[in-house]
Structure formats: structure tokens, C-alpha cells
């Protein structure tokens, strides 16, 4: 009984927001999109994020299986982030956010 | 020229996330959905949010025209929040978040 009651509390929206909610995660996923992006490129694309926070959020997204981190044994070392197949399932959310953003910008004009 | 360059920087995704990004806003919008919700009901639905933060986030969403705040002249006073027509345009984002949440829960099982 307890188990049922627990599982009925696991709202898909709430569970998803635990993983992709927060100030930066959707922005990072949007900036990566279908590309491979280096740390420095992400930092430049999201200038308001601190380096510490970007590192933390990338680690979180890698830990949740949303991002793939590829380190190349080069000098200087090169690290690229891309969405995993699982992470790509977040892109339809980004598309809907874009649609809303277009409405928002049209409203602001 | 400057104006063009400025407007080209206004990415719809980034602009949308300025309004609906953050830890709580999409959760609040999800909890309201197509209903009218009282402050206390929202507080119970999102137990992890502090009362101060919920007040702040509701004010933000009202200021951005996403929520309508209806105060009834009753004793005790009753205040209800609902999505405006504009705010309802965020619901397709919630639907996509739900789809991702269902994938996430299926993956976790």
C-alpha cells in the first residue's frame, strides 16, 4: 500500500523538473542542442553563468545521463559535451520554449 | 545597426527562460494548470518551496502577465491564481516536460 501511495506521488512533471529544472540546465541543453560543445564555447554562450556553476551543472547533467562528456587526450586537453540519446528527448521541450519565446518577443515589440 | 545587432541577440529560448526559468516557476504553472488555485493549495502542492519564495514567484508571474490574481472581498480574504490567456501558452511546454518525465520514470523503474 505504501509503495502504491509513494509511486502515485511521483508526478512526471515534478520528477522531470528535479532533473532539468533550475536556472541554467535548460539553457545549457539548448546551447548544446545537436552539436558537440566545448566548455569555453558554453561559457561564452551563457556569459551570466559563473565558471563554478557551469562546471557543477555540466556534472549534474552528465550524472543524470543527459550529457555525454568526451575528453580527448590532446595538449591542451579538449573536452566536448553532447546530448546523449536520452538527453535528446529534452529537445522537444526546448522547441516549445522557443515557441513561447517567439510569442513573448512579439508581445514585447 | 546597433538595434539590429541587439535584436539578433534576443534568442527566443533565452528570453523565455528569463521569464519561466528558475527552480519553481514551471512547477507553479503546472500546479495551477487550467484551474484556479489558492495560495494555501499551492503551498501544499509544492511543500519544498518556502512561503516567502512562493509569494515572490507568484508576484513575478503576475507581473509578467502569466498569472491572474483574483482577490475576493470575503472574511477571511480569499485570493485565487489562474493562468491568463498568455500564460496558457506555457502549457504545451508542461506537456512536453510531462512526456520527458514519463520517459524518466520508465527509465528509473
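Chains as they are written, first to last, in the numbering used here: chain A, 53 to 161; chain B, 53 to 161. Glycine residues also receive a C-beta, built at the ideal position from the N, C-alpha and C atoms.
**Study point:** Neighbour-count burial assignment, residue 65/A, 16 or more Cβ in a 10 Å radius
**Key:** Buried, since its Cβ has 16 or more Cβ neighbours within 10 Å.
Check your understanding: Does the distance from the CB of residue 149/A to the CB of residue 156/B come in under 8 Å?
Key -> Result no, Cβ atoms of residue 149/A and residue 156/B do not sit closer than 8 Å.
Exercise for review: Give every residue of the same chain whose Cβ lies closer than 6 Å to the Cβ of residue 59/A, excluding the five residues on either side of it in the sequence, and list them in chain order.
Suggested key: For residue 59/A, the predicted structure reports a pLDDT of 45, less than 50, and the residue's modelled location is therefore unreliable. The matter cannot be settled from this model.
Practice item. Please confirm whether residue 88/B and residue 124/B have their CB atoms less than 8 Å apart. Key: No, Cβ-Cβ distance for residue 88/B and residue 124/B is not below 8 Å.
Practice item. Find out if the Cβ-Cβ distance for the pair residue 153/A, residue 67/B is shorter than 8 Å. Key: Yes.
Review point. Closer than 8 Å, CB to CB, is residue 113/A near chain B or not?
Key: By this cut-off, residue 113/A is not an interface position.
Exercise for review: Kindly indicate the opening and closing residues of the alpha helix (DSSP H) around residue 77/B.
Suggested key: Looking at the DSSP string, the run of the alpha helix (DSSP H) that includes residue 77/B is 77-84.
Check your understanding: Is the shortest distance between the beta-carbon of residue 156/A and the beta-carbons of chain B less than 8 Å?
Key -> Chain B, which has a Cβ nearer than 8 Å to the Cβ of residue 156/A, makes this yes.
Exercise for review: Go through its chain and collect everything with a Cβ distance to residue 77/A's Cβ below 7 Å, but skip five positions before and after it.
Suggested key: Listed in chain order, the non-local C-beta contacts of residue 77/A below 7 Å within the same chain comprise 109, 113, local neighbours out to five positions each way being set aside.
Review point. Got a sec: is the Cβ-Cβ distance from residue 120/B to anything in chain A below 8 Å?
Key: With its beta carbon at least 8 Å from every one in chain A, residue 120/B lies outside the interface.
Review point. Quick one: is residue 80/A near chain B, going by C-beta distance under 8 Å?
Key: Interface flag for residue 80/A against chain B is unset, since no Cβ pair is found closer than 8 Å.
Review point. Considering only C-alpha positions, which residue in the set 107/B, 74/B, 75/B, 100/B is nearest to residue 90/B?
Key: Cα-wise, what sits closest to residue 90/B is 107/B.
Review point. In chain B, what lies closer than 7 Å to residue 149/A by C-beta?
Key: Per Cβ cutoff of 7 Å: 65, 68, 69, 145.
Exercise for review: Find the residues of chain B that neighbour residue 91/A, judging by a C-beta separation of less than 8 Å, and give them in chain order.
Suggested key: Those do not exist, as residue 91/A stays about 19 Å from chain B at its closest Cβ, beyond 8 Å.
Check your understanding: At what residue ranges does the stretch 97-134 of chain A contain a whole run of the alpha helix (DSSP H), taking only runs of 4 or more?
Key -> Runs found: 103-115.
Exercise for review: Tell me whether residue 92/A is buried or exposed, calling it buried when 16 or more other Cβ atoms sit within 10 Å of its Cβ.
Suggested key: Label assigned to residue 92/A: exposed.
Point to revise | Per-residue contacts from residue 96/B into chain A (C-beta, under 8 Å) | key: Chain A residues near residue 96/B: none, gap ~13 Å exceeds 8 Å.
Review point. Chain A partners of residue 130/B, CB-CB under 7 Å?
Key: Those within 7 Å of residue 130/B in chain A number zero; the least Cβ separation is about 26 Å.
Exercise for review: Could you tell me whether any Cβ in chain A is nearer than 8 Å to the Cβ of residue 104/B?
Suggested key: False, the Cβ-Cβ gap to chain A never drops below 8 Å.
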